[in-house]
Every structure is written in C-alpha cells, then in structure tokens.
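Chains as they are written, first to last, in my numbering: chain A, 189 to 656; chain B, 486 to 848. Even for Gly, the Cβ is constructed at its ideal location relative to N, Cα and C. Accompanying notes for the structure given below.
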Amino acid sequence: MVFSSLTFLFCFLPLLLLLSFLAQAKYQNAILFVASILFYAWGEPKYVFLMLLSILGNYILARVMDHYHARKKLSKAILFLTIVLNLSLLFVFKYLNFFLQILNQFFSLSFRPLEIALPIGISFYTFQIISYVVDVYRGEVPVQKNLLTLGTYVALFPQLIAGPVVRYSTIEKQLKKRSITLKKLTEGVKRFIVGLGKKVIIANNMAMIADTIFNAEGVTNFSFLILLIAILAYTFQIYFDFSGYSDMAIGLGKMFGFEFLENFDYPYISTSITEFWHRWHISLSTWFRDYVYIPLGGNRCSKPRWIFNTFVVWILTGLWHGASWNFLLWGLYFFVLLIFEKLFFHKVLEKLPSFVSWMYAFFFINLGWLIFRGNGLQATVTLLFNLLTLKQGNGVADFVHYYYLWNYVPYFLPAILFSFPVVKWASKKIKGELLKTWIENISCLIILGICIVFLIQNRYNPFLYFRF
Amino acid sequence: MTAGFFSSFRGKTGVSITEQRQLITLKSPTFQSFLDQTFQTNLEETLADQFPMSGKIKNFASTILQFADYKKIPSFFCRNRYVYVNDSYAVYDCSDYLVGMSEPDEEFFANFQNHLKYYNVLNSIADTYYYVLENSSSYDFENHRLVIDAYSLLKENLQGDYHLGKFQHNTFEEYQKYFYKSDHHWNLYGSYLGYTEIMKLLKPEDEVLTPEGIRIISKYPFYGSVAKQTRQWNFGEVFQYYEFSLPEHEEYIDGKLKNYGNYNPKDEDIKAYDNYYALVYGGDEAEIFYDFKKDEKENLLILASSYSNPINRLIASHFNHTYVLDLRHSSVSDFRQYVEEHDIDKILVLASPEFLFNARFNR
Chain A
189 MVFSSLTFLF CFLPLLLLLS FLAQAKYQNA ILFVASILFY AWGEPKYVFL
239 MLLSILGNYI LARVMDHYHA RKKLSKAILF LTIVLNLSLL FVFKYLNFFL
289 QILNQFFSLS FRPLEIALPI GISFYTFQII SYVVDVYRGE VPVQKNLLTL
339 GTYVALFPQL IAGPVVRYST IEKQLKKRSI TLKKLTEGVK RFIVGLGKKV
389 IIANNMAMIA DTIFNAEGVT NFSFLILLIA ILAYTFQIYF DFSGYSDMAI
439 GLGKMFGFEF LENFDYPYIS TSITEFWHRW HISLSTWFRD YVYIPLGGNR
489 CSKPRWIFNT FVVWILTGLW HGASWNFLLW GLYFFVLLIF EKLFFHKVLE
539 KLPSFVSWMY AFFFINLGWL IFRGNGLQAT VTLLFNLLTL KQGNGVADFV
589 HYYYLWNYVP YFLPAILFSF PVVKWASKKI KGELLKTWIE NISCLIILGI
639 CIVFLIQNRY NPFLYFRF
Chain B
486 MTAGFFSSFR GKTGVSITEQ RQLITLKSPT FQSFLDQTFQ TNLEETLADQ
536 FPMSGKIKNF ASTILQFADY KKIPSFFCRN RYVYVNDSYA VYDCSDYLVG
586 MSEPDEEFFA NFQNHLKYYN VLNSIADTYY YVLENSSSYD FENHRLVIDA
636 YSLLKENLQG DYHLGKFQHN TFEEYQKYFY KSDHHWNLYG SYLGYTEIMK
686 LLKPEDEVLT PEGIRIISKY PFYGSVAKQT RQWNFGEVFQ YYEFSLPEHE
736 EYIDGKLKNY GNYNPKDEDI KAYDNYYALV YGGDEAEIFY DFKKDEKENL
786 LILASSYSNP INRLIASHFN HTYVLDLRHS SVSDFRQYVE EHDIDKILVL
836 ASPEFLFNAR FNR
C-alpha cells in the first residue's frame with residue numbers, strides 16, 4: 189500500500205487512528221504491528237513472511253549475542269553472523285541477478301537470471317535491523333526482549349517502504365511508552381498533508397514529463413533542450429517524491445506518538461556537493477557514516493586509506509539504491525566529486541560568490557540524477573555526451589511528445605519555488621500565532637482537496653522505491 | 486475522510502442514480518485475488534469511482550486544469566504532421582481535430598480471426614451485409630496511406646455469400662467533414678451519409694429519410710470522448726444533429742419498453758461535459774429492439790459498435806422488426822439460434838475498426 193492512495197487515505201489510516209485512540213496503551217504496539225503487516229502485505233503479499241522471518245531470526249540472534257555479551261569473541265562472531273545473514277538475504281533478492289549478469293559479461297558465462305522479485309522496502313528494513321544489532325553489540329541500546337516490540341520497530345508502516353531509515357535508538361523509548369496527543373496529531377496530519385501534496389501535486393506531474401521523455405523511443409537523439417527539461421523534471425520529481433514520503437512518514441509517526449528525525453533539508457539550495465549530502469536523505473548518509481565509514485577508520489587515518497574508505501561508502505551507497513551499473517556509476521560519480529571537493533576545490537568554493545557555487549552544485553547534482561535515472565549504461569553515456577556537447581539533435585522540431593510536454597510545464601513553477609525554504613521564510617514574516625495557524629490550516633485543506641481530486645482522477649502516480 | 490471508505494460499500498446495484506452512470510463495484514475478496522493484487526486494485530478503483538460526487542469533482546477539476554494544461558502549439562511545429570497529445574491520439578496539421586493513432590499488432594489480427602468465425606456463420610444463415618467504416622485511426626494522413634485496409638481484409642477472408650460496402654474518405658479534408666473534432670465517432674453528416682449508403686446496399690429500392698432540420702446544443706460545448714480522455718479542453722465544439730420525422734414505433738432496451746436516446750433534449754437535460762452523442766442518439770446497450778409494426782416488411786439484425794447509434798432508428802424505419810446487438814454488452818453467441826428465434830431476414834454488420842479488431846467483440 190502506498191500513502192498516496194485512496195485505500196490508505198480513506199480506509200487504512202482512519203480505521204487505524206480510530207483503533208489507536210480507542211485502545212489502551214498496552215495494546216498500541218500490537219495494533220501497530222498487525223496494521224504494519226497488513227500494510228506491507230497489501231502491496232507485497234508474497235514476501236511478508238520473509239520480513240517476519242527476518243524479524244524472528246534477528247530477534248533470536250540479538251538475544252543470543254546479548255546473552256554472551258561478556259565473551260567478546262563469541263558475541264562478535266554472532267554479530268558477524270547476523271550481519272552476514274542479513275546481507276545475504278539482501279544479496280539474494282537484490283543483487284544476485286546483477287552479479288550473474290556481471291559474471292556472464294566478464295567471463296562469457298551463460299547463467300540464466302533467476303525469477304526473483306525484489307521485496308519492497310527490503311533495503312530499508314535490512315539496514316534498520318543491522319543498525320539495531322550493531323547498537324546492541326556496542327551496548328548503545330539494550331537488547332529488545334519483547335518480540336512484538338522489535339517487530340513493531342522493524343515493520344513500522346510509516347517508514348517501512350520508503351524510509352527514512354529510522355534507527356532503533358531513535359525510537360527505543362517511544363516503543364515502550366509514547367503519548368498520542370491532539371497537538372501531536374494535528375502536527376502530524378499537517379505534515380502528512382504537506383508530504384502528500386509534494387508527492388501527488390508536484391512529483392507526479394514532474395514524473396509525467398521525465399518519464400515521457402526518458403522512455404520515448406530515440407531519446408538518445410533528442411536535443412540538449414529537451415534533455416535539460418527531462419533532467420530538471422526528474423530532479424524535482426525525485427526530491428518531491430522522496431522528501432514527500434519522508435514528510436508523510438514523519439507526520440504519520442507523530443500521529444501515532446513517534447518522533448522521527450528529519451530526512452531532507454532543502455538539498456537543492458546547497459552550494460557544494462558535500463553540503464548536498466548533508467541535506468539529502470540524511471538518515472541514509474548518517475547510517476553509512478556510523479556503520480561503515482567510521483568503523484573503516486573514517487578520516488582519522490592516512491590519506492590513501494581515507495580515500496579508500498570514502499570509495500567503499502560511495503560504492504555501497506550507489507548499490508543500495510539498486511542493482512545496476514547506473515547506480516554503481518552514480519556512487520562512483522559522487523565519490524569523485526566529493527574527493528575532488530575535499531582535496532582541491534573546497535577553498536575555491538568558499539571564495540566564490542554563493543550564486544556561482546550554487547550553480548556549480550546544482551549542475552553536478554542534476555548530472556548525477558541523469559546517471560541515476562538513465563535506462564542502461566550505454567544509453568546514459570550517450571545522453572551525457574549529447575548533453576555536455578550541447579548536441580542539436582532532432583528532438584526539438586520532431587519531438588512528438590512536445591505538445592504533451594507543454595501541458596505539464598506550469599508544474600515547474602511550484603517545484604522551483606518549494607525547493608527553496610520559502611514557506612519557512614514566509615512563516616517568519618507572518619506576525620501572530622493565530623493568523624499563522626489559520627493560514628497553515630487553510631493551506632493544508634486546499635492541498636488535501638487538490639490531492640484527493642488528483643487521486644480520484646487516477647492521474648499518473650508512479651512508485652519510485654521498487655528498486656530500493 | 487471516512488466518508489470515502491463507506492462510499493465504497495454503497496451502490497450495490499452498481500448504478501449511480503444521481504450521476505446516471507454505471508459504477509465500478511467492489512468484488513468480494515478471495516485469497517487468490519489478494520495474492521495477485523486484483524482485489525487491491527479493484528478497491529482503489531472503486532473508491533475513486535464511488536467517491537461522493539466524484540463525477541462533479543472530476544468535471545470541476547477538468548475545468549480548472551484546462552487553464553494550467555493547455556498551451557497552443559506554434560504552427561511551424563505542426564504543419565502537415567502529427568503532434569501527439571498522448572500515446573493514442575494526436576492533432577494533425579495544426580487543426581482542431583483530435584485523431585486516433587494506432588498501428589495494428591498481432592492482437593488485432595488474432596481478434597479479427599476470432600471474429601471471422603462468426604462472420605462466416607452469419608453469411609450462411611441470412612442475407613448478410615458488411616459496411617466498412619474507416620475512422621481516423623485507419624489512416625496515416627501524413628503519408629497518405631491506409632494503416633489497415635479493412636475492406637480488402639474482409640474481401641479476402643470472408644466466405645460464402647455476402648454484400649460489402651465502404652464508407653470512404655481519402656483525405657484529411659474529407660475526414661474533417663464527416664467526423665467530430667473531439668470524438669472518434671462520425672458527426673451528423675458522416676452518419677447520414679453512412680445511412681444513405683447502407684440503405685443503398687440493404688434496400689436500393691427504398692427512398693431514404695430526409696432530415697427536416699438541424700438542431701444544435703448550444704448551452705455548453707461538446708467535449709467528445711477523445712477530448713475527455715486526453716484532457717484537451719480547447720477542443721470543445723457545437724453539437725449538431727439532424728431532426729427526422731419517423732413513423733410511430735416502439736423501442737425496447739434489453740427487453741424493456743423505453744426510449745433509446747433523447748432526440749429532442751430540453752435545456753434542463755443538458756449538462757456541462759455530458760456525452761451529448763449518447764444523450765441524443767442513445768448509449769451502448771446489449772440489445773435494442775425497434776418495432777415499426779410493418780408486418781409485410783423484413784426483419785433486420787444489426788451488429789455494431791457505438792457508430793450505429795445515430796442511424797439505428799433510421800435504418801429500422803425501413804424494416805418491420807430491427808434488433809441491434811452490441812457484442813461488448815450482449816451475451817448472445819449462438820447467432821444461428823438468435824436469427825431463427827427472431828425470424829431475421831437480413832444482417833447488417835457495421836464494421837468499424839473497433840468492431841473488427843477489438844477483443845471485446847470476440848465470441
């Protein structure tokens with residue numbers, strides 16, 4: 189089930205909220221767990237047992253590891269086994285076919301791809317489970333003795349399929365005791381509506397432009413101008429889609445008494461790539477920092493070793509997003525940019541006017557999305573070449589989807605506007621809490637109304653996270 | 486919020502009285518339908534369709550969105566070429582006509598082969614007439630070619646005795662004369678021409694009906710199904726239809742005595758964004774029966790899609806009993822039995838591209 193569906197908005201959510209309000213505190217986790225399983229099974233009925241198995245397996249292993257906590261070597265071995273098991277599961281379902289494809293390509297073998305579908309959200313819940321087990325091993329959080337509580341954490345539906353990657357330590361106390369108040373509920377509803385608006389009104393329309401162009405026949409012959417529009421559309425699509433889902437997750441969390449950490453902080457205002465990665469998918473980059481980069485030695489080591497550590501993190505970041513050469517290249521691309529910035533360019537960037545450094549960062553972010561979105565490596569390289577050489581292909585004059593494209597251009601305006609913190613700025617300018625609340629409430633009602641209209645109309649509503 | 490949830494359980498009859506339309510209804514869930522997610526899809530579609538006032542909301546949204554969505558295309562982009570508005574429809578030659586675009590694929594021909602089986606049965610049980618109707622998707626105006634030559638295809642494949650005729654328009658100029666701008670159907674001129682040509686085939690000795698005048702729906706523009714489907718709200722047009730004086734007769738829809746079509750709609754019957762083609766001529770029904778009570782005349786069976794709606798009663802006025810079957814909605818599959826039961830003398834097949842190649846007309 190996705191948040192931007194009528195089934196979720198009008199069946200699942202109201203009924204679950206009603207149940208939560210009526211139920212006693214001791215039943216809250218049970219209700220959330222069952223609801224989360226139903227939520228997951230709705231879109232992934234065949235793989236719900238895989239997740240349940242994963243929860244049970246990790247629960248047992250974490251308990252055993254904790255039991256032998258005093259015996260360092262043994263508990264480390266159990267930790268290692270747990271991580272290997274989790275990653276193996278991820279490998280089989282997400283990377284095995286890609287691995288076979290590599291073997292076939294490089295060693296002229298002929299392994300047939302296996303018919304395995306990628307379970308939705310597996311990357312998110314696997315990373316959450318690993319963070320939990322590692323934190324237990326490090327003694328940063330106590331082991332969870334209640335299977336239902338651990339299950340609720342892993343399967344928690346607001347963040348299950350599209351993140352953010354919520355760490356166990358962040359919500360450990362809330363899993364035990366949390367309060368659902370009217371204030372939190374109101375805040376949650378508003379945040380959810382903002383996220384829904386980002387997804388349904390902006391991201392879906394941007395997706396229409398990006399998908400129309402990128403999926404068109406002969407896209408590699410399209411001109412610079414058309415490709416530019418497609419990349420910009422995709423840049424806005426992925427931001428508003430992803431941050432919209434995060435907003436909805438944070439809002440839903442609040443409705444049920446949880447406080448999740450922020451996942452996006454206006455990434456497109458960044459004036460460097462380093463800053464971009466401090467503002468984009470914060471939960472994932474900090475996960476890699478804490479569970480890969482720092483354990484590898486971080487930056488407190490020799491320069492070559494630091495470069496190697498960064499390389500590992502970015503290859504893994506690329507692969508986390510999907511099993512394909514494009515994602516690998518995308519990770520590598522950001523590795524090169526970040527190393528270049530840190531080694532040579534950061535001092536230049538500091539001296540440049542902020543608009544110029546913003547232009548630099550935005551240009552390379554966009555180029556990165558082209559690699560991320562491309563349909564295969566060869567097509568991506570051709571597209572990159574056409575774009576960078578300002579190729580005047582036949583895309584402008586003969587582009588048959590030109591008319592279609594024009595229909596969606598007006599949606600760029602809110603996309604550009606809301607990529608900047610205009611709402612924050614406007615909010616500061618408004619004097620008086622009551623007036624601010626009224627404006628917020630009315631805006632949310634209008635956004636919700638538009639979203640419902642769009643959903644009733646069955647407009648384009650793609651789900652981006654099937655590869656994550 | 487929960488209003489929408491409960492709305493999915495109303496309308497067990499599957500008909501909205503307020504909106505006068507068929508609703509998508511919620512099917513009972515099964516383990517299999519949950520596993521293959523057809524139940525989930527059905528629930529989402531039901532919610533969208535049965536949402537309170539969903540028709541009004543959609544119309545309102547469409548009105549608003551036309552301002553956001555429409556941009557006029559510069560002429561140097563569209564002269565003598567197609568400019569697509571979606572995968573299936575385009576505008577040709579900077580005109581204000583939305584035209585269908587389709588390339589026949591294997592499925593087209595598989596469906597045709599399926600249809601051929603019962604066409605050949607028809608040829609053997611009654612005097613059968615095929616009238617081929619080509620619409621915009623039959624033509625590639627840019628390259629002046631027929632995308633699919635249905636007339637030749639029928640001629641090459643039909644067996645037994647039959648009669649074959651064709652509604653011909655070879656150029657885009659001719660097409661514009663006979664078809665709507667925003668709808669795939671033929672307009673009053675096209676359908677009247679079709680009627681006269683069909684009568685030349687069926688009963689060359691009969692005099693055809695002459696229109697007594699033209700009526701116009703001017704209250705709101707007519708947005709045909711293509712405009713609605715592609716949300717091209719600048720393609721609204723004035724809906725016109727011929728007025729005829731017909732002899733006394735009775736019309737039955739699916740066995741019940743009622744009027745088929747509202748030939749003289751009053752102002753209060755006309756609502757914005759309604760389908761005036763269906764309002765005036767009648768919608769798609771499983772079986773329409775016309776009884777002109779002329780026992781001395783023959784009985785006719787018409788097999789057609791919605792293209793026959795404007796001319797059903799005109800043709801029927803030349804016969805005693807006329808039965809019109811829309812095979813998308815009718816369950817009739819034993820034509821031999823049907824023809825015997827209804828004492829049919831002649832069969833007319835209005836062979837539009839949809840009728841010839843669409844799986845919904847399979848038997």
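Asked                                                                                                                                   : Found
Asn582(A) burial status per 10 Å Cβ neighbour count (16 or more: buried)                                                                : Confidence in Asn582(A) is poor, its pLDDT being 49 and thus under 50, which makes the residue's placement unreliable; the coordinate value appears in the next sentence. The residue in question, Asn582(A), is exposed, as its Cβ has fewer than 16 Cβ neighbours within 10 Å.
Exposed unless 16 or more other CB atoms sit within 10 angstroms - verdict on Ile266(A)                                                 : buried
Within chain B, the residues that Ile644(A) reaches when beta carbons sit closer than 7 angstroms                                       : Ala533, Phe536, Ser539, Ile542 and Lys543
Minimum Cβ-Cβ distance from Phe198(A) to chain B less than 9 angstroms                                                                  : yes
Exposed unless 16 or more other CB atoms sit within 10 angstroms - verdict on His466(A)                                                 : exposed
Contact the stretch 358-365 of chain A vs the stretch 452-466 of chain A: 3+ CB pairs below 8 angstroms                                 : no
Within chain A, the residues that Leu511(B) reaches when beta carbons sit closer than 8 angstroms                                       : Going along chain A, no residue has its Cβ under 8 angstroms from Leu511(B), so there is no contact; the nearest lies around 11 angstroms.
Phe809(B) versus Glu682(B): straight-line alpha-carbon distance, rounded                                                                : The displayed chain sequence assigns Val, not Phe, to residue 809(B). C-alpha separation (whole angstroms): 18 angstroms.
Contact the stretch 545-552 of chain A vs the stretch 504-516 of chain A: 3+ CB pairs below 8 angstroms                                 : no
With 16 other Cβ atoms within 10 Å as the buried cut-off, status of Phe804(B)                                                           : buried
Rounded C-alpha distance that separates Lys556(B) from Phe606(A)                                                                        : The predicted model places Lys556(B) with a pLDDT of 49, which falls under 50 and marks its position as unreliable; any figure quoted below should be read in that light. If you take the alpha carbons of Lys556(B) and Phe606(A), they lie about 24 angstroms apart.
From Lys619(A), Arg561(A), Trp626(A) and Ala213(A), residue whose alpha carbon lies closest to that of Phe402(A)                        : Arg561(A)
Residues bridged to Ala836(B) [DSSP beta-bridge criterion]                                                                              : Val617(B)
Within 9 angstroms of chain A by C-beta, residues of the stretch 758-786 of chain B in sequence order                                   : none
Beta-carbon contacts of Lys651(B) that lie in its chain and below 6 angstroms, excluding the five residues immediately before and after : Val617 and Tyr636
Among Tyr726(B), Tyr727(B), Asn747(B) and Glu728(B), nearest to Glu736(B) - alpha-carbon criterion                                      : Asn747(B)
Any chain B beta carbon closer than 9 angstroms to Gly564(A)                                                                            : no
Contact set for Ile633(B): own chain, Cβ-Cβ below 8 angstroms, skip 5 residues either direction                                         : Pro589, Phe593, Ser623, Pro838 and Phe842
In DSSP terms, what Gly698(B) is bridged to                                                                                             : Glu728(B)
Cβ shell of Ile304(A) (< 8 angstroms), same chain only, five flanking positions each side left out                                      : Val280, Phe281, Leu284 and Asn285
Burial state of Leu206(A), where buried means 16 or more other Cβ atoms lie within 10 Å                                                 : exposed
Test: Ile658(A) CB closer than 9 angstroms to a CB of chain B                                                                           : For chain A, the structure presents residues 189 to 656; residue 658(A) sits outside this window and is missing.
Whole-angstrom distance between Val500(A) and Tyr422(A), CA atom to CA atom                                                             : 27 angstroms
Identity of the residue in Asn571(B), Asn565(B) and Met586(B) nearest Cys579(B) by Cα                                                   : Asn565(B)
Spatial distance of Gly564(A) from Ala258(A) (CA atoms)                                                                                 : 50 angstroms
Spatial distance of Glu463(A) from Val584(B) (CA atoms)                                                                                 : 50 angstroms
Cβ of Met436(A) within 9 angstroms of any chain B Cβ                                                                                    : no
Residues from the stretch 226-248 of chain A in contact with chain B, defined by Cβ distance under 9 angstroms                          : Ala229, Trp230, Gly231, Pro233 and Lys234
Three-way DSSP call (helix, strand, coil) for Glu736(B) in this model                                                                   : strand
Spatially closest choice to Leu336(A) from Gln212(A), Ile219(A) and Ile627(A), by CA coordinates                                        : Ile219(A)
Check whether Met239(A) and Val342(A) have beta carbons under 9 angstroms apart                                                         : yes
Terminal residues of the beta strand (DSSP E) in which Tyr599(A) lies                                                                   : It is not in any beta strand (DSSP E) - Tyr599(A) carries neither H nor E in the DSSP assignment.
Cβ-based burial, Met443(A) [other Cβ within 10 Å; buried from 16]                                                                       : buried
Asp776(B): first and last residue of the uninterrupted beta strand (DSSP E) it sits in                                                  : Glu772 to Asp776
Closest Cα partner of Glu733(B) within the set Phe657(B), Asn571(B), Gly645(B) and His806(B)                                            : His806(B)
Of the listed residues Lys779(B), Ser793(B) and Ala789(B), nearest to Trp671(B) (C-alpha basis)                                         : Ser793(B)
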